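Shown next, in structure tokens, is the structure this report addresses.
Numbering (the working numbering), first residue to last: 434 to 719.
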């Protein structure tokens with residue numbers, strides 16, 4: 434299969450990891466990225482879980498969330514969000530083994546910054562949702578064992594997959610290959626949409642969390658995730674789904690876009706990008 438027809442989904446995660454570990458520049462940023470992920474997500478969350486009460490926690494469920502039924506079969510897609518961006522990185526490195534090193538390093542470094550940005554909210558106010566205690570599938574046992582479920586707003590899953598497809602698109606454009614790799618660019622956008630749907634189907638997040646993540650990504654890198662991009666992203670959620678019903682999907686999308694827009698408007702008047710999210714969390718505090 435030639436490079437023009439190869440799907441990003443066919444890329445090897447092992448190849449990506451090997452490439453990063455064996456190239457000094459990539460190994461350095463890769464190490465910093467791993468450190469950011471473990472500190473800003475796992476360490477801070479477990480610290481909060483083991484020492485409750487130090488950081489306020491708000492429930493961020495929305496009345497429309499039940500329109501999306503708990504659907505355990507989506508768990509594999511939900512858990513794919515890390516391999517998703519690693520495969521994207523691997524595809525880029527395999528396609529541009531020499532000329533793409535600088536772009537690949539920036540891709541990795543930006544993921545570290547995504548986690549750091551999200552933690553600017555988490556260290557001040559945590560959030561959770563009503564998550565079913567479903568243990569019939571071993572993957573859910575893993576989720577419940579390793580995720581205390583205290584970092585819902587903004588959703589790092591959504592932030593990561595949005596960053597993946599938007600930066601991959603930008604990197605490909607910078608190489609002058611946007612037309613050549615248009616199928617892969619679209620493939621990644623659709624993958625980001627499916628993972629976003631999956632976090633809602635497995636009840637790891639609320640639609641409030643998706644709106645907050647979209648807002649975070651617009652503030653993180655405005656040219657890559659514009660309000661127009663956010664509107665288009667929301668419009669494509671659940672378009673091929675049987676459940677939720679069409680009218681419910683529209684209501685869900687309308688709310689997420691409205692909540693995103695409100696965050697954005699509030700953010701333009703705030704001293705810090707995270708202020709609208711913290712204000713929202715404070716309003717939901719028990």
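In this text, a Cβ means the ideal position worked out from N, Cα and C, and glycines have one as well.
Computed from a prediction, not measured in an experiment: that's the story for all the values here.
Check                                                                                                                                                                              : Outcome
Using the Cβ count rule (16 or more neighbours within 10 Å means buried), how would you classify residue 679?                                                                      : exposed
In terms of residue numbering, what span does the alpha helix (DSSP H) encompassing residue 720 cover?                                                                             : In the structure as shown, the chain begins at 434 and stops at 719. Residue 720 is therefore absent and cannot be evaluated.
Figure out for me which residue from 635, 622, 620 and 517 has the closest Cα to the Cα of residue 568.                                                                            : 635
Drop a sphere of 10 angstroms on the beta-carbon of residue 709, count the other beta-carbons inside from all chains shown, and report buried for 16 or more, exposed for fewer.   : buried
Counting only the same chain and skipping the five closest in sequence on each side, list residues whose C-beta sits under 8 Å from that of residue 638.                           : 562, 585, 588, 590, 591 and 632
For residue 508, which residues in the same chain have their Cβ closer than 8 Å to its Cβ, ignoring the five residues on either side in sequence?                                  : 570, 572, 573, 576, 631 and 635
Residue 475 to residue 686, Cα distance in whole Å?                                                                                                                                : 30 Å
Hey, quick one: how far does the alpha helix (DSSP H) through residue 532 stretch, first residue to last?                                                                          : First-last for residue 532: undefined, no H or E at that position.
Considering only their Cβ atoms, is the gap separating residue 653 from residue 537 smaller than 8 Å?                                                                              : no
Quick one: residues in its chain with C-beta nearer than 7 Å to the C-beta of residue 703, no 5 flanking neighbours on either side, listed in chain order?                         : 709
At the level of alpha carbons, what is the spacing between residue 713 and residue 490?                                                                                            : 12 Å
Could you round the C-beta distance between residue 520 and residue 449 to whole angstroms and report it? I think they count as a contact, below 8 Å.                              : 7 Å
Helix, strand or coil for residue 651, going by three-state DSSP, please let me know.                                                                                              : helix
Is residue 531 buried or exposed, if buried means 16 or more other CB atoms sit within 10 Å of its CB?                                                                             : exposed
Identify every run of the alpha helix (DSSP H) within the stretch 442-517, keeping only runs that are complete inside it and at least 4 residues long; order them along the chain. : 446-455, 457-470, 477-483 and 508-511
Report yes or no: do three or more beta-carbon pairs, one from the stretch 449-467 and one from the stretch 599-615, lie closer than 8 Å?                                          : no
For residue 718, which residues does DSSP report across the bridge?                                                                                                                : 491
Can you give the beta carbon distance from residue 444 to residue 517, rounded, assuming they're within the 8 Å contact cut?                                                       : Contact doesn't hold; Cβ gap of about 10 Å is too wide.
With a threshold of 16 other CB atoms inside 10 Å of the CB of residue 435, please say whether the residue is buried or exposed.                                                   : Any reading at residue 435 is ruled out, since the residue's pLDDT is 42, under 50, leaving its predicted position unreliable.
Compute the distance between the beta-carbons of residue 581 and residue 478, then report whether it is under 8 Å.                                                                 : yes
Within 10 angstroms of the Cβ of residue 440, are there 16 or more other Cβ atoms? Answer buried if so, exposed if not.                                                            : exposed
Per DSSP, what kind of secondary structure is residue 599 in: helix, strand or coil?                                                                                               : helix
Cβ atoms of residue 543 and residue 487: under 8 Å apart, would you say?                                                                                                           : no
Can you say whether residue 691 is buried or exposed, counting buried as having 16 or more other CB atoms within 10 angstroms of its CB?                                           : exposed
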